[in-house]
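Here's the structure, in structure tokens; my notes come after.
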Amino acid sequence: MTLPTTSPLSIQTRDTSGAGILVRVHSIKNEALSIKSFDLRPVEARELPRFSAGAHIEVTLPNELVRHYSLVNSTSESHRYVVAVNLDPASRGGSKFMHRGLANGDMLWISEPRNHFPLDVSAESTVLFAGGIGVTPLVSMAECLTSLGRRWEMHYFSRSADRAAYVDVLDALARRGSGTLHCHFDDIAEAKVDFSACVGVSASNAHLYCCGPSSMLDTFVEACADRPSSHVHLERFSGAVESASEGGYTVVLSKSGKTIQVEQGQTVLDAVLANGVNVAFSCKEGVCGSCETRVISGKPDHRDSVLGPDERKANRSMMICCSGCNGTELVLDL
Ligand code: FES
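Pasting the structure below:
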């Protein structure tokens, strides 16, 4: 058995809730070509915190890397979390470690689940668009909708059938009566369809969810331009827009009583940390929500992928790892 080489403290510095959970790798399974799933069970408690469909956890790896993985399993389960990881050839250590460095019995620190991609279970019609490993949160959504007897439809895009994980699970859910699964795999010529067209023909009152590579998400946003923003949901695993690092403005930290200058080349987070103020953060790409900070005054230049259009307009909070300032001063609740 390998003992964890990170401490709960290292998670607390990254997790707004301050909570770290020690889990043991119960089993590892090959789900598709280059995709493995990891069944994580609690070490110190019988149950794990409940989660809702679309949620993710942060996993702190022994090399101090923090990675975010969507929960794949049923929201009715509290004895385990299941995540699935695609081995990225360009991995900086995250997926490589998960695939090659983990074994059954190993222990890891994880965060409590967070959900920036929640499912609206009251929607009359739900259409899920999955691209590759982006299927993971959508599997949990399909399971949730099926258990509630709600109708759903999924369009699953993959480079090839052997790289598509959870097809059998989704197929079984669809056969239970309330779902329809469409597989569009590039190696099956007759299964190829135009993604934008697929989005376009979805019912006008449908809630649409998309998770996949950045190019797919960009196309999804374009194809949904005429739909109400409250019906369009997506989750990114990397930042869509470059972080604001132009600098040239002042940030007043109301709690710590400091006024700091954000210089060219710095993000707000960089400047805050450089001034000795400890704040929670993780991805530094505007996708995890760990660094969300309340805005007391000033206009943020939102660059994250977490806040929705209405939340951006309200300017009540911002992700300080990537968002900047439209003006000369921000006052933050730090
Ligand atoms: S650190 Fe992840 S959104 Fe800012």
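Read left to right, the sequence shown gives residues 1 to 334 (the UniProt record's numbering). Yeah, the Cβ is synthetic: ideal placement off N, Cα and C, and Gly gets one too. This structure is a prediction, so every number in the text was calculated from the model and none was measured.
Residue i Cβ short of 7 Å to ligand 1 heavy atom set
| i | result |
| --- | --- |
| Met98 | no |
| Met319 | yes |
| Ser125 | no |
| Asp304 | yes |
| Gly289 | yes |
| Cys211 | no |
| Ser282 | yes |
| Gly248 | no |
| Gly324 | no |
| Glu285 | yes |
Beta carbon proximity, residue i to chain D, threshold 8 Å
| i | result |
| --- | --- |
| Ala223 | Reference to chain D is not applicable here, since this structure consists of a single protein chain. |
Strand pairing of residue i, partner residues [DSSP]
| i | result |
| --- | --- |
| Tyr249 | Val262 |
| Cys198 | Paired residues: none, contrary to the question. |
| Tyr156 | Ala130, Cys183 |
| Lys29 | Ser37 |
| Ala84 | Ser37 |
| Leu332 | Leu253, Val295 |
| Gly94 | Gly94 pairs with nothing; no bridge assigned. |
| His207 | Thr126 |
| Ser107 | Here residue 107 is Met; the residue named in the question, Ser, does not match the sequence. According to DSSP, Met107 bridges with Arg24. |
| His68 | Glu58 |
| residue 346 | In the structure as shown, the chain begins at 1 and stops at 334. Residue 346 is therefore absent and cannot be evaluated. |
Residue i - DSSP class collapsed to helix/strand/coil
| i | result |
| --- | --- |
| Ile188 | coil |
| Ser282 | coil |
| Ala161 | helix |
| Cys144 | helix |
| Pro300 | strand |
| Pro137 | helix |
| Ser10 | The predicted model places Ser10 with a pLDDT of 34, which falls under 50 and marks its position as unreliable, so this point remains unresolved. |
| Gly324 | strand |
| Pro309 | helix |
| His116 | coil |
| Val241 | coil |
| Ser52 | coil |
| Ser290 | coil |
| Ser78 | coil |
| Arg100 | helix |
| Leu226 | First, the residue type needs correcting, since residue 226 is Asp and not Leu in the sequence shown. Three-state result, Asp226: coil. |
| Val277 | coil |
| Val167 | helix |
Enclosing alpha helix (DSSP H) for residue i [first to last residue]
| i | result |
| --- | --- |
| Val272 | 268–274 |
| Thr219 | 214–223 |
Buried versus exposed call for residue i [16 or more other C-beta atoms within 10 Å across all chains shown]
| i | result |
| --- | --- |
| Leu148 | exposed |
| Gln261 | exposed |
| Glu143 | buried |
| Glu242 | exposed |
| Val279 | buried |
| Pro118 | exposed |
| Asp39 | buried |
| Ile188 | exposed |
| Asp304 | buried |
| Asn104 | exposed |
| Ser111 | buried |
| Asn30 | exposed |
| Ser229 | exposed |
| Gly177 | exposed |
| Arg67 | buried |
| Lys192 | exposed |
| Pro309 | exposed |
| Gln266 | buried |
| Ala197 | exposed |
| Ser254 | exposed |
Range covered by the beta strand (DSSP E) that runs through residue i
| i | result |
| --- | --- |
| residue 336 | Residue 336 lies beyond the residue range present for the chain, which begins at 1 and ends at 334; the question has no answer from this structure. |
| Ser178 | Where Ser178 is concerned, there is no enclosing beta strand (DSSP E), given that its DSSP letter is neither H nor E. |
| Ser317 | 317–319 |
Residue i CB to nearest heavy atom of ligand 3 below 7 Å
| i | result |
| --- | --- |
| Gly149 | Only ligand 1 can be found as ligands here, which leaves ligand 3 out of the picture. |
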